[in-house]
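Asker: Questions regarding the structure given below will be posed in turn.
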Amino acid sequence: MLIMMAGLGGIIGVWAVSTLFFALSQNNWQVTELLRSYLVATGAIGEFQTLVDFYSYIKGVEYIICLAFLVAFPAFFKYINRPTEAVANR
């Protein structure tokens, strides 16, 4: 059983290394370009065609930040200004 697991792990390891080398060869052996293409493919970063697209994206992010502030600030204000409790002296 242990030999089968080690063999399967070895096969997966060879597959992973060969996939990495193939991806690097497709990106002219540049690790940063490989990472950039991965981030673009997964949607973590976006490629914008024009400045209008870029500014539209930034405007959407600003709206999300403003919404988070408008929700968090009243809750924080209420937390800070809550009535203090009297502590009994001994």
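Residues in the sequence shown are numbered from 1383 upward in steps of one, following my numbering. Glycine included, each C-beta is placed from N, C-alpha and C at the ideal position. Please read all numbers here as calculations on a predicted model, not as lab measurements.
Would you tell me roughly how many angstroms separate the C-alpha atoms of residue 1461 and residue 1403, rounded to the nearest one?
Answerer: The residue given as residue 1461 occupies position 79 in the sequence shown. The residue given as residue 1403 occupies position 21 in the sequence shown. Using only the alpha carbons, I get a separation of about 54 angstroms.
Asker: If you follow the alpha helix (DSSP H) that residue 1436 is in, where does it begin and where does it stop?
Answerer: Here residue 1436 corresponds to residue number 54 of the sequence shown, with the count starting at 1. Segment 1433–1462, the alpha helix (DSSP H) holding residue 1436.
Asker: Under three-state DSSP, which class holds residue 1403?
Answerer: In the sequence shown, counting from the first residue as 1, residue 1403 sits at position 21. Helix, per DSSP.
Asker: Between residue 1427 and residue 1433, is the Cβ-Cβ spacing less than 8 angstroms?
Answerer: What you label residue 1427 is simply residue 45 of the sequence shown in a count that begins at 1. What you label residue 1433 is simply residue 51 of the sequence shown in a count that begins at 1. The answer is no: Cβ separation not under 8 angstroms.
Asker: Following the continuous alpha helix (DSSP H) through residue 1468, name the residue where it begins and the one where it ends.
Answerer: Against the sequence shown, residue 1468 aligns to sequence position 86. Unbroken run through residue 1468: none, as it is neither H nor E.
Asker: Does any residue of chain C bring its CB to less than 8 angstroms from the CB of residue 1445?
Answerer: No chain C appears in the structure shown, which is made up of a single protein chain.
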